[in-house]
Each structure stands twice: as structure tokens, then as C-alpha cells.
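Trainee: Before I ask anything, here is the structure I am working with.
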Amino acid sequence: RRDGLARLGVLDYATAAVDELAFDEPLYSVGTAGNPEWAPPLVRLGYGSFVTPSTVYDYDVATRTLALRKQQPVLGGYDPGDYAQRRLWVTATDGVQVPVSLVWKRSFGEPGAAPRPVHLYGYGSYEATIDPGFSVPRLSLLDRGVVFAIAHVRGGGEMGRQWYEDGKLLHKRNTFTDFVDVARHLV
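With this note's numbering as the guide, the letters of the sequence shown map in order to residues 265 to 451.
What follows is the structure, given as C-alpha cells:
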């Protein structure tokens with residue numbers, strides 16, 4: 265993980281160089297999926313984002329190319345270009361930078377340009393991560409002008425082990441103050 269996002273790379277055993285896979289979107293979720301062979305020429309990947317439905321790719325390790333195999337269909341004329349997503353960083357009361365993921369419908373303008381409703385979600389416990397993922401029901405909110413935001417508060421695992429430790433037991437307070445600080449920033 266880097267900057268709160270999962271990363272995948274290919275390690276060249278001969279040179280110890282790591283070639284990180286690059287994706288076009290600023291926020292996404294990616295991981296390996298269903299690779300039953302020990303040394304396959306292709307690696308199956310699962311990919312998705314707030315605006316890209318669940319997608320399956322085969323990654324060719326030799327040529328470093330992705331081949332689309334399957335994508336979750338979305339009914340009703342869905343166009344991912346109608347939506348935008350980005351990560352912003354909010355300074356918490358104690359000075360720590362808290363990552364926040366946003367998704368909105370472009371036709372309503374950038375978040376913050378005019379007053380509009382925000383659905384803020386956060387979970388910071390058990391080192392769980394809340395990665396960007398596609399949701400058909402969420403489209404109904406976005407199509408009505410609601411901005412959907414996820415506060416990646418301390419106690420979760422997005423920013424590593426210390427992020428989790430800083431949001432549990434005697435430091436659990438940070439989880440809640442992070443959420444409040446993000447909410448205040450978005451107002």
C-alpha cells in the first residue's frame with residue numbers, strides 16, 4: 265500500500281527490480297484473484313473503483329500488458345465518464361493528514377463549488393481497509409447531486425500498521441476526532 269491505496273508489482277528475480285502496475289484512475293482497488301498454478305504466464309487480477317465496475321484482467325508477466333476478461337454489467341446507460349473521483353487530505357486536530365476519498369457526478373460541478381449534500385462514511389477498527397469500490401445503489405445518490413465521501417480514519421489499515429495502532433485502545437479517540445475533523449472540513 266502507498267498513500268492508502270493497494271499496489272501490485274512484478275519482481276524480477278534476476279535483478280530484484282520491481283515493476284509496479286500502473287492504472288489510469290486516481291483511486292482504485294486491485295488484487296490477485298484465482299491463480300491456481302504456481303508459475304502461470306498470466307496472472308488474474310480483480311480491479312474496480314468508485315466509477316469502474318468490478319473488472320477481471322489477465323496480466324501477462326512477460327509483456328507487462330493487461331487484457332480485459334470480464335466487467336460487471338451496469339444497466340441503464342451507465343457512463344463512467346459522467347462521474348469523478350479523487351483523494352484529498354484533511355489535517356486532523358493533532359496535525360496528522362487523514363485521507364478522504366470522494367466520488368461525485370460531474371454535471372453537478374466540483375465538490376465545494378456550491379453547497380450540496382455529502383454522505384460521509386468512515387470505519388476505523390480491526391485494521392480493516394475501505395478500498396474504493398463500485399456500487400450500483402450508490403449511483404442513485406450521485407445522480408441526485410450527493411457527494412459520497414469515505415474518511416479513512418485511524419484504526420483502519422489503509423496507511424499501515426501504525427495507522428491502526430494510532431486508532432485503538434488508549435488512542436481510540438483518534439478514530440472519532442479524525443471523522444469529526446473530516447466532516448468539518450467538508451462543510
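Built from N, CA and C at the ideal position, the CB exists for glycine as well. From a predicted model like this one, the values you see are computed outputs, not experimental measurements.
(1) Check whether the Cβ atoms of residue 393 and residue 429 sit closer than 8 Å, and answer yes or no.
(2) Residue 334 bridges to which residues according to DSSP?
(3) Does DSSP classify residue 400 as helix, strand or coil?
(4) Does the beta-carbon distance from residue 333 to residue 325 come in below 8 Å?
(5) Quick check on residue 368: does DSSP put it in helix, strand or coil?
(6) If residue 446 sits next to residue 367, beta carbons under 8 Å apart, how far is it from one beta carbon to the other, in whole angstroms?
(7) To which residues of the same chain is residue 407 closer than 8 Å at the C-beta, ignoring the five residues directly before and after it?
(8) Hey, would you say residue 273 sits closer than 8 Å to residue 283, going by beta carbons?
(9) Give the DSSP-derived three-state secondary structure of residue 344 in the structure shown.
(10) Tell me the DSSP bridge mates of residue 393?
(11) Output needed for residue 276: all residues of its chain with C-beta closer than 8 Å, excluding positions within five of it in sequence on either side, in chain order.
(12) Checking the sheet assignment: what are the DSSP bridge partners for residue 295?
(13) Run the CB neighbour count on residue 358, radius 10 Å, all protein chains shown included, and call it buried at 16 or more, exposed below.
(14) Can you have a look at residue 349 and say buried or exposed, based on whether 16 or more other CB atoms are within 10 angstroms of its CB?
(15) Leaving aside the five residues before and after residue 441 along the sequence, list all residues of the same chain whose C-beta is less than 7 Å from its C-beta, in chain order.
(16) Return the chain-ordered list of same chain residues with a C-beta closer than 7 Å to the C-beta of residue 338, the five sequence neighbours on each side being excluded.
(17) What did DSSP end up calling residue 284 once you bin it into helix, strand or coil?
Mentor: Let me spell this out:
(1) Within the sequence shown, numbered from 1, the residue matching residue 393 stands at position 129. Within the sequence shown, numbered from 1, the residue matching residue 429 stands at position 165. Annotated as distal: residue 393 and residue 429, with beta-carbon spacing of 8 Å or more.
(2) Position 70 of the sequence shown holds residue 334. Answer is 320, bridged to residue 334.
(3) As a first step, residue 400 is located in the sequence shown; it is residue number 136 there, counting from the start. Helix.
(4) Here residue 333 is taken as the residue at index 69 of the sequence shown, counted from 1. Here residue 325 is taken as the residue at index 61 of the sequence shown, counted from 1. Their beta carbons are not under 8 Å apart, which means residue 333 does not touch residue 325 by this criterion.
(5) Reading the sequence shown from its first residue, position 104 is the one you call residue 368. DSSP places residue 368 in the strand class (E or B) of the three-state scheme.
(6) Your numbering for residue 446 matches position 182 in the sequence shown. Your numbering for residue 367 matches position 103 in the sequence shown. Separation of the CB atoms of residue 446 and residue 367 is rounded to 15 Å, and the pair is thereby denied contact status at 8 Å.
(7) Taking the first residue of the sequence shown as position 1, residue 407 is located at position 143. Excluding its 5 nearest sequence neighbours in each direction, residue 407 has C-beta neighbours in its own chain below 8 Å: 369, listed in chain order.
(8) Indexing the sequence shown from 1 puts residue 273 at position 9. Indexing the sequence shown from 1 puts residue 283 at position 19. Their beta carbons are under 8 Å apart, which means residue 273 touches residue 283 by this criterion.
(9) Residue numbering aside, residue 344 sits at position 80 when the sequence shown is read from its first letter. DSSP places residue 344 in helix when its eight states are reduced to three.
(10) Residue mapping note: residue 393 aligns to position 129 of the sequence shown, counting from 1. Beta-bridge pairing links residue 393 to no other residue.
(11) Within the sequence shown, numbered from 1, the residue matching residue 276 stands at position 12. Taken in chain order, the residues that qualify are 282 and 283.
(12) The residue you call residue 295 lines up with position 31 of the sequence shown. Under DSSP, residue 295 shares a beta bridge with 310.
(13) Here residue 358 refers to the residue found at position 94 of the sequence shown. It counts as exposed.
(14) Position 85 of the sequence shown, counted from the first residue, corresponds to residue 349. It is buried - the Cβ of residue 349 has at least 16 other Cβ atoms within 10 Å.
(15) Reading the sequence shown from its first residue, position 177 is the one you call residue 441. These residues qualify, in order along the chain: 356 and 357.
(16) For the purposes of this step, residue 338 is taken as the residue at position 74 of the sequence shown. The residues are 317 and 400.
(17) Position 20 of the sequence shown, counting from 1, holds the residue named residue 284. Here DSSP, grouped into helix, strand and coil, assigns residue 284 to strand.
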